[in-house]
Amino acid sequence: MWLKPEEVLLKNALKLWVTEKSNDYFVLQRRRGSGEDSGGLTGLLVGTLDTVLDSTARVAPFRILHQTPDSQVYWIIACGASLEEISQHWDWLQQNIIRTLSVFDSGEDITSFVQGKIRGLIAEEGTSADDEEDPERFREAVLRFERLFVLPQKEKLVTYFSCSYWRGRVPNQGWIYLSTNFLCFYSYMLGNEVKLVYPWDEVSRLERTSSVMLTESIRVRVRGEDHFFSMLLRLQQTYLIMQQLADYAILRFFDKETFNAEHPLANPLHITQRALEIHARNQSFRAFFRLPQEESLCEVYESFLWVPFSHVNALGKVCVSENYLCFASQDGSQCHLIMPLWEVFSVELPDRSSRALTVCLRGKRALRFSEVRDFERLAATIRRKCGTAGSPQHCVSNPDEEGVMVGQSQAVSTEALMNVFHPHDAENLDPKMLKERMKEQSWQIHFAEYGRGTGMFCTKKTRDLIVRGVPETLRGELWMLFSGAVHDMTSHPGYYGRILEECMGSSSLACDEIERDLHRSLPEHPAFQSDTGISALRRVLTAYAHRNPKIGYCQAMNILTSVLLLYAKEEEAFWLLVAVCERMLPDYFNRRIIGALVDQAVFEELIREHLTQLTEHMTDLSFFSSVSLSWFLTLFISVLPIESAVNVVDCFFYDGIKAILQLGLAVLDYNMDNLLCCHDDAEAVTVLNRFFDNVTNKDSPLPATVQQASATTNDKSIQKVDICDLIKEAYEKYGDIRTEEVENMRKKNKLFVIQTLEDTTKQNVLRVVAQGVKFSAAQLDELYMLFKRQHFVSCYWSVCSPALQNHDPSLPYLDQYQLDQSQFSSLFNLLLPWTTHTHACSLARSAFRILDENGDGLVNFKEFICGLDILYNRSFTEKLKLLFKLHLQPDTAEDGVIRKCPERGRAKVDLQEYLKQWQEDLQRRDENIKDLPRINQVQFIRLTKTLYGVFHGDEEEESLYRAVARVTSLLLRMEEVGRKLQESSPQKTPQNTPTSTAQPESSPTLPTSPEAETFAEGEGAHDHPESPVSQHETVPSHSDITPNSTSRPSTPTSSPTETSSPALDTPTDTPSSPSTVRDGDWSFSFEQILASLLNEPPVVRFFERAVDTGALIARARKNQLKDAH
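Residues 76 to 1200 in my numbering are what the sequence shown lists, from first letter to last.
Below, the structure written as structure tokens:
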């Protein structure tokens, strides 16, 4: 079958493939192990790998590669399961393609033509491929997926492929399952089972690789460990789906500032392979043609377009969306155009034999398409859509049209600030102005030949004119056109005026930050020394902050917007800012500048590829990331004089981020010798700053009062660099960098950047938490990952889960991940070192209430670990105190309701308040046990039940039950003694204490174990040795809790009836609470319970026993997903 052309490294494949046929342009190869030479070590190895387990796992044994005589690059274009099948493809190439290729002059044109033809064949023959998939087989795969990985039923399987997973040098043949939230693999061969389950949100690297053993494979890095999957029949398709799923998880969970709730894939339960493919296709379509986010690709046709200026038919693709008709030639750079459907007034079919149609446009223009396979359908589609496409109320196609824009307030500026402060002087005969007029004339010729406005052909000549610099008078119009902002503005007439009316006069944090930065935006330019420019800048920035509150306002937006206002009208500047922030530089202008960090990672990768000499000299390229941050954030505006920086902005709006990357490489290349001589980063920074100071624009027509060139401009001893020459050099040396490559590198590095930021957060949290707990660093790391995953488990299968709001990267590190009561309860029960069985949920609720110190309804990692540390690592007294507090009634019934503190909002974080809180935490002393309130009878009964549940299943279960029964009896007798003493006259001191052991009639029946029935025969406490207690603990004795010092001291052999009566009145400083003793009720203090249990060695041994932290963490990790709802 025909395959989408993919580049392959033949040098790695020679050991696995044998050439059967070849000519100047194509190679037919057979895989070793297939056919006649299946013997031999290599043949046996390859044959074994290709045939293990399942027939669908085999790599196709035959393939056809395309090559050109002057290139070392090979492209796979077809594969076959048999020699007969592949021979049919070979014969077709010989008969239909070989003769045509001799017409082309260059190898690039030949490759471009072959790729286009193969893609056309795939489009024609593969239209029904999705419909041919067996739904019954997919249902069987879903059942296997659910049975093997035991994930919640809501987890949706997207697709699955047969492949090999490499563990060391041993391949494990099996199946890779790609679901919405997880990457799974299963293999079982010769008794060796391999099962992998990794969430997409933990993937830090995803890329295609090749090696000596693996011709091509997919490398997945999770938690610093690499996993390789190979021998996929559709490797590129698998890789793209994996990339989309990983990107979707990153966008949804970590990058919520740019995630739209109306995202086509917002509902994780509705994601399918087809939905992913459609979404990726729409994204590529909109990015290439710079169309609004509302546009979706409806139909695609292969066709020839008559190009009048070249007098040739260009082969390419016709793309139709809801409101636009677009065309892109075969290689994407020869020519492309965008035609709004409201400009079409008729469609004609002049020649059916050539399958042609003519699209007639307003302004006496026409587009002629030929060799369209389904030309009648295309004509019908255009006719239908041109009747429904809404005509805009205003358009910027006519640059001479001025005045107040539709729907705008009179206060809104309708002039570019450059026209207001530096109007164009037609009478000026200055040499620079003459050059400016020559540029204008060149563009007018271009408009006459290629068209003007949205229907203009964009060609290589257009790029050449851009590189030379755009005339001042045309800059705003061309920026709008090339950025696609013109399409946004025409499809949203009156939007800017309406949003201004909504937001002006309002107060917000973004407005305060905007006011602070207004006078820092190009302060040396006269336009921003007046109220006219400042007011326009304020309106544009405020309107955008109102439009996109997730971003609001970020630094560097003011600098960029200032330049936009110089050359564009106010409304145009607003839409240009929208295009930059939301489409051309995604994720740049947010709190973590993720987009800029991603492009810096791409920049480092390009440096390694193109500037090897510099890479060898500076092994650590992070310096270039730090120094180039301002280059990307401000498009070189902050480092270059304004008259030079606008030329960079010209290229950016035409070629996107590719232009900035090229220029960055050119800057480093130009300063290569000086950088190689630098001994430290400071010297390198000085070299680059000196270089930027000496960049000039000798052809700039701006007056001297506006230009920002260095004062050393007239110093002839210093070498000057003209910006046009620098940009031209950048395109000549690095123009072969393709936009598609940059986008793929962006996607690959975004995973790495996000996970690096997450690792930084983790390290900072663990550094703070580790100071006060006894967990090891490795244990804290595992517990943090469990805590973080518990947050995501609540979000995996919900469209708009409230738990998603519990992750806020703008908060301090400790508060970025927090759990609500439901999430906490699930994780707490998984990690609880004891089995409680009966009322685990109520215990978890009580633990949440205690650990939620600030009462906001959320628990952060530090609070969670402090509670867990008591249960795992602290003394018997601390553990018992926690259990005691867990059974006290809460002070409020609003338990579990999230009550946001003011500092948890989007407002500015008060760092002083956090430092004060941190200092208080460090100085906080242990809670005095005397300050604890008393526990009433209902709570004490629950505490006793909890102890029975905790002891259940222990090897000393019987003795532990007896111990609890003895303590219960002892405490009740002490309570009875106290009651009788209180009833006697306060003037009379009893000579003998009562010896009756009967419980009071008002006492409730306490829970007892089966073994506790016989405890009444002897109280048994005197038979036990002294309980082991830590030396630093202060343990109250029985005498400490009796009111009369005249009684003889309590000893281990003393019966409770021989001790003086305890004072059971609640202390006067004890706050009123449900624990307060009422008439007829009884209660115990923590000191009484602690003293009684310390005389029971089995209980002390149980709680002092070391906890197997590793085993509990492993169990929680295994069951965390199983327990998800």
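Each residue gets a CB set at the ideal place from its N, CA and C atoms; glycine is no exception. Computed from a prediction, not measured in an experiment: that's the story for all the values here.
Query	Result
Within the chosen definition, does the stretch 581-598 reach the stretch 624-641 through at least 3 CB pairs nearer than 8 Å?	yes
What are the residues that DSSP puts in a beta bridge with Pro415?	Tyr399
Which same chain residues, not among the five before or five after Val615, have their C-beta less than 6 Å away from its C-beta?	Thr636, Ala648 and Phe649
According to DSSP, is Cys753 helix, strand or coil?	coil
Where Gln142 and Leu218 are concerned, what is the direct C-alpha to C-alpha distance, given to the nearest angstrom?	44 Å
Return the CA-CA distance between Leu412 and Leu320, expressed in angstroms with no decimal places.	32 Å
Okay, do the stretch 822-833 and the stretch 738-751 touch, 3+ Cβ pairs below 8 Å being the bar?	no
Candidates His685, Glu1031, Lys956 and Leu1046: which alpha carbon is nearest Asp1006's?	Lys956
Pull the bridge partners of Glu451 from the DSSP assignment, please.	Paired residue(s): none; Glu451 is not in a bridge.
At which residue ranges does the stretch 417-445 contain complete alpha helix (DSSP H) runs of 4 or more residues, listed in the order of the chain?	none
Quick one: Cα of Leu424 to Cα of Val447, how far?	11 Å
Rounded to whole angstroms, what is the Cα-Cα separation between Ser697 and Glu679?	8 Å
Relative to the C-alpha of Leu1047, which candidate in Ser1160, Leu253, Ser421 and Tyr263 has its C-alpha closest?	Ser1160
Going by the DSSP bridge assignment, what does His302 pair with across the sheet?	Val295
For Lys1197, name the three-state secondary structure that DSSP assigns.	coil
Could you give the first and the last residue of the continuous beta strand (DSSP E) run that contains Phe101?	Phe101 to Arg106
Note down the Cα distance separating Cys533 from His621, rounded to an integer number of angstroms.	34 Å
Please work out which residues of its chain come closer than 6 Å, Cβ to Cβ, to Thr255, disregarding the five sequence neighbours upstream and downstream, and give them in chain order.	Lys231, Pro343 and Ile346
May I have the straight-line CA-CA distance separating Ser610 from Glu588, to the nearest angstrom?	15 Å
Residues in its own chain within less than 8 Å of Leu794 by CB, not counting five upstream and five downstream?	The amino acid occupying residue 794 in the given sequence is Gln; Leu does not appear at that position. Counting only Cβ-Cβ distances below 8 Å, and skipping sequence neighbours, we find Asn769.
Closest to Ser1044 by C-alpha separation, out of Ile1016, Pro1173, Val714 and Met306, would be which residue?	Ile1016
Hey, out of Val721, Glu352, Ser700 and Val702, whose CA is closest to Leu710's CA?	Val721
Would you check if the stretch 259-278 and the stretch 373-384 touch, i.e. whether three or more CB-CB distances between them fall below 8 Å?	no
Quick test of your reading: Leu253 and Thr284, contact by CB under 8 Å. State the CB separation rounded to the nearest angstrom.	Not a contact, Cβ separation roughly 19 Å.
According to DSSP, is Thr284 part of a helix, a strand, or is it coil?	strand
Between Lys808 and Asp725, which are expected to be in contact by the criterion C-beta below 8 Å, what is the C-beta distance as a whole number of angstroms?	Between Asp725 and Lys808 the Cβ distance is about 19 Å, and since that is not below 8 Å, they are no contact.
What is the DSSP secondary structure of Asn633, counted as helix, strand or coil?	helix
When you compare only the Cα positions, how much space is there between Cys941 and Gly847?	8 Å
For the candidate residues Ser1158, Val1025 and Arg765, whose alpha-carbon lies nearest to that of Arg1054?	Ser1158
Can you list the beta strand (DSSP E) stretches of 3 or more residues lying completely in the stretch 792-838, in chain order?	none
At what residue ranges does the stretch 558-623 contain a whole run of the alpha helix (DSSP H), taking only runs of 4 or more?	560-566, 570-578, 584-592 and 606-622
Which residue marks the beginning of the alpha helix (DSSP H) containing Gly249, and which one marks its end?	Gly249 -> not in any alpha helix (DSSP H); beta strand (DSSP E) instead, spanning Val245 to Ser254.
Just list the residues that DSSP pairs Pro274 with in beta bridges.	Phe257
Identify whether Thr1043 lies in helix, strand or coil by the three-state DSSP scheme.	helix
Skipping 5 residues on each side, what residues in its chain have a beta carbon closer than 8 Å to that of Val762?	Asn746, Asn749, Leu750 and Cys753
Determine, using beta-carbon pairs with one atom in the stretch 918-937 and one in the stretch 891-901, whether at least three such pairs fall under 8 Å.	yes
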